[in-house]
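Q: What follows is a single structure, and I will ask about it in a moment.
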Amino acid sequence: MVILGIMMSMINKLGIIIILAVIISKIGIFKKIITKKDVTIADKIILSIVFGAIGIMGTYSSVPVNGALANTRIVGVMVGALLGGPIVGLLAGLIAGGHRFLIDIRGFTALACGISTVVEGLIGGYAYYYIINKRNKWYYAFYFGIFAEIVQMLIILIIARPFASALALVKIILFPMVIVNSLGIAIFIGIIENIYLEQEKIAASQAEKALKIANLTLPFLRKGLNFQVAQMVVDIIYNIVDVAAVAITDTHQILAHKGLGEDHHLSGSNILTQVTRSVIDSRHYKIISKKKGIDCDVKSCQLKSAIVVPLKQQDIVVGTLKLYRQEENSITSLDVELALGLAQLFSTQLELSRLDYQEKLLVESELKNLQAQINPHFLFNAINTIVSFIQIDSSKAKALLISLADLFRKSLKNRQELVDLTTELEHIASYLEIERARFGDKLKVNYQLEEGLNCQLPPLILQPIVENAVIHGIFGTMSRKSTS
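Read in our numbering, the sequence shown has 699 at position 356, and its numbers run on one by one without any break.
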């Protein structure tokens, strides 16, 4: 009955710590520290103080038993160790264990309890490496709690004197402390683990949003970065992401702004925010935490914090993406990850637009080179043919000269991307007129065209093909009297 009474009292005391765990899990700054990938020494010190204080609370909410204390001190220390590793476990253990020793220096278990608290903190710290990548951490925390409490009982038996009193105490408090404290550790870890699960759900949602934005913006950003494209992109982001405003700039001016402040953050306006210029110069993202950092001249502007990330093309900054919020210090790590992810996607799309443009220029250049390539031998032979006809048939020479002039005029002046088939055939006819005069009956041309066919094609694209056919047809079949 005594053991059951102690257990019920400890459970009641544990309830206070569980309520505290729920409250702590809702505090923003605590959530930020807990969910950080790279925890700094400063973060570990903060965690050590917090969980060491929870351990002290467990001491003060203890149940007196035979000159000692049945307590929940280890809950705070073990949870801190399981979340922060050996350093947090050691420091939290020193805080809570040192306090236990100092408040009752003459108690026969004071030294044993102080030492055991530090040892349990180290046990939890090294257990951290075992459970860090596991799901359902609460399950493993429960069994590590049992192990740590058994170690505490052994330390009491080894250090506390007289031994008979220590043994009598352990017989009474062993079961209540092992069960209640292990459950407390598991429940506390379970509550904290919900923070990670919540963050994972949010991260998955953010990834889904980023993918959706990428799919919707791809057709626009492939055209390059300009006022029209930027406006379409910020409209898409604003409709999908929960932010106060979205803006895109180039290196000199605002290209588009959507959301709060769009009445005075106008496209075409010069960049005023010093942070934006700093991002462009440094090529690294920056966070604006205070309204002052927005650098807006309009006092009624509701934008108070932002994340500014660079947009790059060939590793050269060509602009920035800005996500705004309405409250100060409200840019979260998820906002940063989303902004960086979008900037990376947009930069990739802009690079693709550059490659598309270069490919288009290359094709156009090759086509123009092809169009400009008039065979010098053809020109020389054409002039000789015309000269010979001047002596024989001046009218024919005049017609051939007109055909040659028409051929050159179309070759040099045609800058259209596409022309009608009829126009292209007229060009071919001018070329063939000269060749027929040169080769006479050796060259016969048959036109076979479907009725009503008048498609679009690149200018002068057929002339090199026809010229090649004439050359190989004539010189490849010299035994023939004619070539068709």
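The C-beta atom is built at its ideal place from N, Cα and C for all residues, glycine as well.
(1) What are the complete alpha helix (DSSP H) segments, minimum 4 residues, inside the stretch 409-492?
(2) I'd like the ranges of any beta strand (DSSP E) spanning at least 3 consecutive residues and lying wholly in the stretch 624-649.
(3) Short check: CB of V513 to CB of M496, under 8 Å?
(4) Would you say I392 and I438 are within 8 Å of each other, going by their C-beta atoms?
(5) Pairing CB atoms from the stretch 641-651 with CB atoms from the stretch 620-633, are three or more of them under 8 Å?
(6) I believe I556 touches I583 by the beta-carbon criterion, under 8 Å. Please report the beta-carbon distance rounded to the nearest angstrom.
(7) Can you name the residues that DSSP bridges to I597?
(8) Measuring CB to CB, does G312 end up less than 8 Å from G432?
(9) Mind checking whether G527 and I388 have CB atoms under 8 Å apart?
(10) Output the distance between the C-alpha atoms of A529 and I458, rounded to the nearest integer angstrom.
(11) Assess, as a yes-or-no matter, whether the stretch 415-426 is touched by the stretch 483-492 under the definition of 3 or more beta carbon pairs within less than 8 Å.
(12) Does the count of Cβ pairs from the stretch 660-669 and the stretch 589-603 closer than 8 Å reach three?
(13) In the DSSP assignment, what are the bridge partners of V652?
(14) A725 and L693 look like a contact to me (Cβ under 8 Å); what is the Cβ gap, rounded to whole Å?
(15) From I474, T415 and I366, pick the residue whose C-alpha is nearest to that of N355; which is it?
(16) Whole angstroms is fine: what's the gap from G348's alpha carbon to V462's?
(17) Could you check whether V809 and Y774 sit closer than 8 Å to each other, using their CB atoms as the reference points?
(18) Which two residues bound the contiguous alpha helix (DSSP H) that contains H770?
(19) Would T428 and L465 qualify as a contact pair, given that the criterion is a beta-carbon distance under 8 Å?
(20) Take D295 and list the residues in its own chain whose beta-carbon comes closer than 8 Å to its own, dropping the five residues that flank it on each side.
(21) Roughly how many angstroms separate the alpha carbons of A844 and I498, rounded to a whole number?
(22) Could you pull the start and end residues of the alpha helix (DSSP H) that A529 belongs to?
(23) Closest to F394 by CA distance: which of V406, G410 and S368 is it?
(24) With distances taken from CA atoms, which of I735, K633 and M350 is nearest V521?
(25) According to the Cβ coordinates, are T616 and D638 closer than 8 Å?
(26) Are the Cβ atoms of K647 and K629 separated by less than 8 Å?
(27) Distance, Cα to Cα, A511 vs A470?
(28) To the nearest angstrom, how far is it from the Cα of A553 to the Cα of P562?
(29) Can you list, in chain order, the residues of its chain whose CB lies under 6 Å from that of L764, leaving out five sequence neighbours each side?
(30) Return the bridge partner residues of G358 from the DSSP annotation.
(31) What's the C-alpha gap between V345 and Y483?
(32) Tell whether a beta-carbon distance below 8 Å holds between T402 and R449.
(33) Alpha carbon to alpha carbon, how far is F782 from S738?
(34) Expressed to the nearest angstrom, what Euclidean distance is found between the alpha-carbon atoms of Y486 and P407?
(35) Mapping the DSSP letters down to three states, classify G602 as helix, strand or coil.
(36) Identify which residue in I631, V382, P505 and F531 has its Cα closest to the Cα of I417.
A: With the structure as the only source:
(1) Within the stretch 409-492, complete alpha helix (DSSP H) segments of at least 4 residues are found at 416-427, 429-446 and 453-474, given in chain order.
(2) Whole beta strand (DSSP E) segments, 3+ residues: 629-631.
(3) In contact: V513 and M496 (Cβ atoms closer than 8 Å).
(4) Yes, these two residues count as a Cβ contact at 8 Å.
(5) The stretch 641-651 is in contact with the stretch 620-633.
(6) About 6 Å separates the Cβ atoms of I556 and I583, confirming a contact at the 8 Å cut-off.
(7) According to DSSP, I597 bridges with T592.
(8) Residue 312 lies beyond the residue range present for the chain, which begins at 344 and ends at 827; the question has no answer from this structure.
(9) Not closer than 8 Å, so no.
(10) Spanning the two alpha carbons is a distance of roughly 23 Å.
(11) Judged by Cβ distances under 8 Å, the stretch 483-492 makes contact with the stretch 415-426, as three or more pairs qualify.
(12) Contact holds between the stretch 660-669 and the stretch 589-603, because three or more Cβ pairs, one in each stretch, are under 8 Å apart.
(13) As DSSP reads the structure, V652 sits in a beta bridge with L664.
(14) Rounded, the Cβ-Cβ distance is 49 Å, inconsistent with contact.
(15) Nearest neighbour of N355 by Cα position, chosen from I474, T415 and I366, turns out to be T415.
(16) Per the coordinates, the alpha-carbon of G348 lies some 28 Å from the alpha-carbon of V462.
(17) Yes; because the gap between Cβ atoms is below 8 Å, this pair is in contact.
(18) From DSSP, the alpha helix (DSSP H) with H770 extends over L764 to F782.
(19) First, the residue type needs correcting, since residue 428 is Gly and not Thr in the sequence shown. Against a cut-off of 8 Å, the Cβ pair of L465 and G428 comes out as no contact.
(20) No information on residue 295 is available, as it lies outside the stretch 344 to 827 that the chain covers here.
(21) For residue 844 there is no data in the structure shown, the boundaries of the chain being 344 and 827.
(22) Residues F506 to L564.
(23) Among V406, G410 and S368, the Cα nearest to that of F394 belongs to S368.
(24) Comparing Cα-Cα distances from V521 to each of I735, K633 and M350, the minimum goes to M350.
(25) Cβ distance < 8 Å, so T616 and D638 count as in contact.
(26) For K647 and K629, no; Cβs fall outside 8 Å.
(27) Cα to Cα, the separation comes out at about 30 Å.
(28) Distance from the CA atom of A553 to the CA atom of P562, rounded to whole angstroms, is 15 Å.
(29) Cβ contact annotation for L764 (same chain, cutoff 6 Å, sequence separation greater than five): N797 and C798, in chain order.
(30) G358 is not bridged to any residue.
(31) Those two C-alpha atoms are separated by around 29 Å.
(32) Not a contact, by the Cβ cut-off of 8 Å.
(33) Our two residues, F782 and S738, have alpha carbons roughly 18 Å apart in a direct line.
(34) Distance between Y486 and P407, taken at the CA atoms: about 26 Å.
(35) Note: G602 maps to strand in three-state DSSP.
(36) Answer by Cα proximity: F531.
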